[in-house]
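Numbers given in the working numbering equal positions in the sequence shown, counted from 1, plus 2. Yeah, the Cβ is synthetic: ideal placement off N, Cα and C, and Gly gets one too. Below is one structure; the comments refer to it alone.
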Amino acid sequence: MASSPANPYAPTPVAMSHVSPLATAAMSVDQEDDSDGVNVLAVAWQSRWLILLFTLLGGVAAWAYLQQATPRYTSLSRIFVEQKLPSVLAGESLGAFSTKHLYTQAQLICSPSVLNAAIEAPENVGIETFRNTDNPLALLREEIEVVVGERDDIINISIELENPTDAAQIVNSVVDAYITKYAEERRSDVVDVVNILRSEKQRSDQDLEERRQALDEFRRDHVTLAVQSKEGREGNVVTELFAALSRELNATQIELLEAKTRYARAQKMLENPDQIPFLMELARTAQAGSRSGDLDGQIQMMEQNLIAQQAKWGPGYPAVRLLEESLAKLRERRAEQQQATLNAYVDGLRQNYELLAQRRDELQKAYDKQFALATEVSQQAAKLADLQEAYEQTSEYCDTLNKQIREVNLSENVGAMNVSILEVATPGIQTFPGRRKTLSLGLAFGSMLGFGLAWLRSMLDQRLKSIEEIASVMQLPVIGAVPLMAGSRGREGDRSVGGRLVALQPRSTAAEAIRTLRTALYFGIGGESKTFVVTSPAPGDGKSTVASNLAIAMAQANQRVLLIDADMRKPTQHETFGMTPTTGFSDVLTGAVLAIEAVVSGVAPNLDLLPCGPIPPNPVELLNNGMFSEVLEQLLRQYDQIVIDSPPVMPVADSRMISAMVDCSLLVLRAERSTRRISVGARDELLRVRTQRLGVVVNAAPIHRSNFGGYSGYGYGSYGQVAYGHEDAAEARPAVRRRLKSMADEDLTSIDG
């Protein structure tokens, strides 16, 4: 096999100079921003065979495990423990019984004493299960399972062993050992408890008699405690008198403080002349009915008479002087009377204070005496209460013992537990490994593992798979979608067929998709554009095939169209139209020939071709020498539309330079091959050179999705499908390929003629 040629799209230093660090950053950011969530159903459907394979592998692994695993068998016995013991002290059940006696019985069944009894049973001597272990007790404690029913009082006893016969025999032995060791021994336990109760009752009766005698003797020695108060309340005469003295002493103390306060205030007012009128008012209020009011009336009448006489006779008249002398005597008499009243009032306050102080002293003496007596009586009363409480408690305890003893029935069945064996253990059924459970788990684990691998593959897969995903990631208008068809770009004959499919198979779905793309360019993003560049993010996306078919479709619309093969690194258009030119686009850019001289006319009706020509060593320098724009202007005078096939965007800078000088750029992405990072990077590079119009064409779009105009419903599929533009696509059937090759040869013959 021949060695692969060097990559014609390897980046040159000039090409790399056009890629700025911002482009790399933009690619990584866009890759993160455009990442969408994974559709679970889509992942499952796309990887259904992988999931099915791992599901089958999981089932096979589970089946193999079932074949190798040692089966184990479970035997079960069910018993019912009926509680028939009498209720005794504090309302609890006799012996080990309690509010959760069933759980207690379950623990007793698992106890070493019961298990040892089962191991030592005659029927278990020499059985296989015990022969194969050094510690039978540890084996039973690990394997035996005792469960109390959640909705009933049934105790389930089971064991899982490799020998089904041994399992049944051991379970039955454990049940028999439990019944023998605990259930039948309960009778003697109950009798012992009754004897204990009677002994306790005899001792309690003796204590009760001693405490009654002590209580009666204490009451005889302290008769004072037996005398109750008149009201019949709790207490005695001593405590009642002490309480009365305490209340009286407190009241006297309060009155004494009030009297002392009034006496001190009166003395201060008596010493202050300004306070005399207020003190006099208090004295008059206290001594209602005194004669001071009569003197005030006489003085007031005499003052009025004096004023009248002075007005009539003048100040020096004898009658006036007589009235003045009488008025002075009355005033002097009133002053003496007021002073006497004040002295009497203050002296009364003093006497009241001294009387209350004397009464307070007498009450204090009586209180102290009664306090000592009440303290002694209180201590005696506390002792009496203790004796009374001890007697009552002992009496109540004796009554309880009498009641419990009466409830005990000392018949033959008193204290026996009634244990009913509801189900005797039989040779067990296989419970491990469970076939259904193991197979189900194996299938489930295999399917989950397969789906996990499919999910991981989908998460790591950065390919763009659908038109919707491409539109979402690229954020550009998808102006066309070409379906996947059989064909190849690896051989010259197949390239000739795929590149001219619109002319050779006009009714195929691919031809219809190309014509729809042409219409979208005329009435959509293209507008009045005359120059179009067709490129792709990376090699193998089918941009050359799309360019040649688009040029043929435009020519079929009665337009003068020129197809320029500007891919000066790996040209293919001369192979598509079956020619070997000696000059071409590269010679035009160097100025060796004129553009019109290098054009090959009539490769198809209304379509001319400007082939690449010799591959130059410096394509970027040729595009950047200024000749390209002049050549475009010259050619636009002779053609209505110009379609340019350029190299991919990411490896080299050729397409970016061409895109900056044309009216419209078409970025061809191949479904299931183009990746997010490279596609978004190509978009950013084209936008960075300020391309005027930019749209996306999806190549190899799944036809069943009808995302390219619904061509799958037109009925054109019967004409066969030919893939193009991808070297990994499936080859067309030989008969169809031969028929298309003959049609291409006839078409070329007609053109040459």
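Residue i by DSSP, collapsed to three states: which one?
i, result
"residue 719", "Since pLDDT at residue 719 reaches only 32, below the 50 mark, its modelled position is unreliable, and no value is offered."
"residue 530", "coil"
"residue 75", "strand"
"residue 610", "strand"
"residue 646", "strand"
"residue 485", "strand"
"residue 80", "strand"
"residue 697", "strand"
"residue 466", "coil"
"residue 667", "strand"
"residue 30", "Any reading at residue 30 is ruled out, since the residue's pLDDT is 35, under 50, leaving its predicted position unreliable."
"residue 287", "helix"
"residue 434", "strand"
"residue 2", "Lying before the first or after the last residue shown, residue 2 is absent from the chain, which here runs from 3 to 755."
"residue 172", "helix"
"residue 565", "strand"
"residue 596", "coil"
"residue 152", "coil"
"residue 559", "coil"
"residue 122", "coil"
"residue 538", "coil"
"residue 440", "helix"
"residue 97", "Any reading at residue 97 must be qualified, since the residue scores a pLDDT of 41, below 50, and its modelled position is unreliable; the value itself is stated next. Correct three-state label for residue 97: coil."
"residue 376", "helix"
"residue 478", "coil"
"residue 422", "strand"
"residue 25", "Here residue 25 scores only 34 on pLDDT, less than 50, and its place in the model is too uncertain to base an answer on."
Of the residues the options, which one's Cα is nearest the Cα of residue i?
i, options, result
"residue 621", "249, 654 and 676", "654"
"residue 510", "551, 537 and 567", "551"
"residue 567", "184, 619 and 660", "660"
"residue 65", "161, 119 and 437", "437"
"residue 170", "280, 300, 78 and 635", "78"
"residue 502", "266, 457, 440 and 576", "576"
"residue 284", "344, 143, 253 and 537", "344"
"residue 430", "167, 50 and 209", "167"
"residue 279", "323, 340 and 376", "340"
"residue 394", "514, 481, 211 and 373", "211"
"residue 331", "318, 451, 317 and 300", "300"
"residue 596", "399, 154, 573 and 636", "636"
"residue 111", "136, 146 and 138", "146"
"residue 629", "325, 643, 594 and 652", "594"
"residue 44", "287, 663, 471 and 606", "471"
"residue 364", "538, 643 and 247", "247"
Identify, in the order they occur along the chain, each residue of the same chain with its Cβ nearer than 7 Å to the Cβ of residue i, setting aside the five sequence neighbours on each side.
i, result
"residue 216", "389"
"residue 174", "79, 426 and 427"
Give the C-beta separation of residue i and residue j to the nearest angstrom, bearing in mind that I take them to be a contact with Cβ-Cβ under 8 Å.
i, j, result
"residue 669", "residue 696", "7 Å"
"residue 649", "residue 571", "5 Å"
"residue 563", "residue 645", "7 Å"
"residue 516", "residue 504", "5 Å"
"residue 678", "residue 464", "5 Å"
"residue 543", "residue 701", "6 Å"
"residue 449", "residue 56", "7 Å"
"residue 407", "residue 203", "7 Å"
"residue 539", "residue 684", "4 Å"
"residue 520", "residue 559", "7 Å"
When you compare the CB positions of residue i and residue j, do they come within less than 9 Å of one another, or not?
i, j, result
"residue 667", "residue 535", "yes"
"residue 119", "residue 182", "yes"
"residue 453", "residue 46", "yes"
"residue 81", "residue 172", "no"
"residue 53", "residue 703", "no"
"residue 657", "residue 466", "no"
"residue 634", "residue 553", "no"
"residue 475", "residue 603", "no"
"residue 244", "residue 376", "yes"
"residue 533", "residue 624", "no"
"residue 614", "residue 587", "yes"
"residue 142", "residue 104", "no"
"residue 530", "residue 665", "yes"
Cutting at 6 Å between CB atoms, please list the residues of its own chain near residue i, excluding the five before and the five after it.
i, result
"residue 84", "420"
"residue 1", "Nothing about residue 1 can be reported from this structure: the residues present for the chain run from 3 to 755 only."
Return the chain-ordered list of same chain residues with a C-beta closer than 8 Å to the C-beta of residue i, the five sequence neighbours on each side being excluded.
i, result
"residue 261", "351, 354, 355 and 358"
Using a threshold of 8 Å, is the CB atom of residue i nearer than that to any non-hydrogen atom of the ligand MG?
i, result
"residue 699", "Of ligands this structure carries none, so the ligand MG is not represented either."
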